[in-house]
Amino acid sequence: MRLGIFGGSFDPPHVGHLLAASDAFEALALDRLFFVPNAAQPLKQGVLVATPAQRLAMVHYAVDGDPRFSVSPAEIERKGLSYTVDTLAAFAERYPDAERFLLVGADAFATMPHWREPARIAGLARIAVLHRAGDEGAAPPAGIPAEAVVRLQTRRVDVSATEIRDRVRQGRSIRGFVAASVADYIARAGLYRQGTA
Ligand code: ATP
1 MRLGIFGGSF
11 DPPHVGHLLA
21 ASDAFEALAL
31 DRLFFVPNAA
41 QPLKQGVLVA
51 TPAQRLAMVH
61 YAVDGDPRFS
71 VSPAEIERKG
81 LSYTVDTLAA
91 FAERYPDAER
101 FLLVGADAFA
111 TMPHWREPAR
121 IAGLARIAVL
131 HRAGDEGAAP
141 PAGIPAEAVV
151 RLQTRRVDVS
161 ATEIRDRVRQ
171 GRSIRGFVAA
181 SVADYIARAG
191 LYRQGTA
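If you read the sequence shown in our numbering, its first letter stands for residue 1, the second for the next number, and so on.
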């Protein structure tokens, strides 16, 4: 089995995430791709607006009904700061025979030396770096062996969670930026209206 692991804040999950996941699913010939929303992102503390439970609910809304995608509550259930190495170790234990791929955006890949135990991460999964069309493919950061890295081209979808939160705060529509069920949830829960991000 070929397994993809796609972590992020997903605050909220948007079409950029879904299309990147879809491109990666095909390029890596995955059997299953897990979205893993983090409880607290060590490098992003203080900027999240939705609670972990709300982000988990939104990721479910975004992917439910799509047989390619699953949601793992592992990081949110673990609470505290989310370290990728712990998540991968848990996946390795649960799916020891799977070929595991950790999906990371090119921006996140560049910060990998600051993550906990980058070399162990590279031993637990291949690192699939998502390059949005037009991105430069930077060399692997220090401590990451080149053979652990797979480069993927994904389409450029110029949307970010930050922009979506801003749009909600400004009272603008986010239809088309997120799944309709996610937009409904954001409206129902009153998310992002007075955020600090
Ligand atoms: P924020 O605007 O809050 O920083 P974000 O939209 O970048 O959030 P994250 O949850 O931080 O979303 O992203 C999770 C992963 O998805 C990261 O690896 C990131 O590189 C990737 N990603 C985010 N937006 C896109 C996009 N438009 N296209 C492809 N990949 C994306």
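All C-beta atoms in this analysis are idealised placements derived from N, C-alpha and C, irrespective of residue type, glycine included.
- Shortest gap from the CB of S9 to any heavy atom of ligand 1: under 8 Å.
- Taking a 10 Å sphere around the C-beta of H14, we find 16 or more other C-beta atoms and assign the residue as buried.
- Contact between the region 162–172 and the region 134–142 is not established, with fewer than three Cβ pairs separated by less than 8 Å.
- R116 places its beta carbon 9 Å or farther from that of T154.
- Between the region 117–124 and the region 89–108, the count of Cβ pairs shorter than 8 Å is three or higher; the stretches touch.
- Rounded to the nearest angstrom, the Cβ distance from T87 to E75 is 6 Å, consistent with a contact under 8 Å.
- Your pair G4 and L19 does not check out as a contact, with CB atoms roughly 14 Å apart and the cut at 8 Å.
- Separation of V150 and A187 (C-alpha to C-alpha, rounded to the nearest whole angstrom) is 38 Å.
- Residue side-chain check: E163 places its Cβ nearer than 8 Å to a non-hydrogen atom of ligand 1.
- Counting only residues of its own chain and dropping the five nearest sequence neighbours on each side, A146 has a CB closer than 6 Å to the CB of P140.
- Unbroken beta strand (DSSP E) runs of no fewer than 3 residues, entirely contained in the region 37–125, are found at 69–71 and 99–105, following chain order.
- In the structure shown, V178 falls within a strand segment according to DSSP collapsed to helix, strand and coil.
- A27 has its Cβ no nearer than 8 Å to any heavy atom of ligand 1.
- R175 and A183 have their alpha carbons spaced roughly 7 Å apart.
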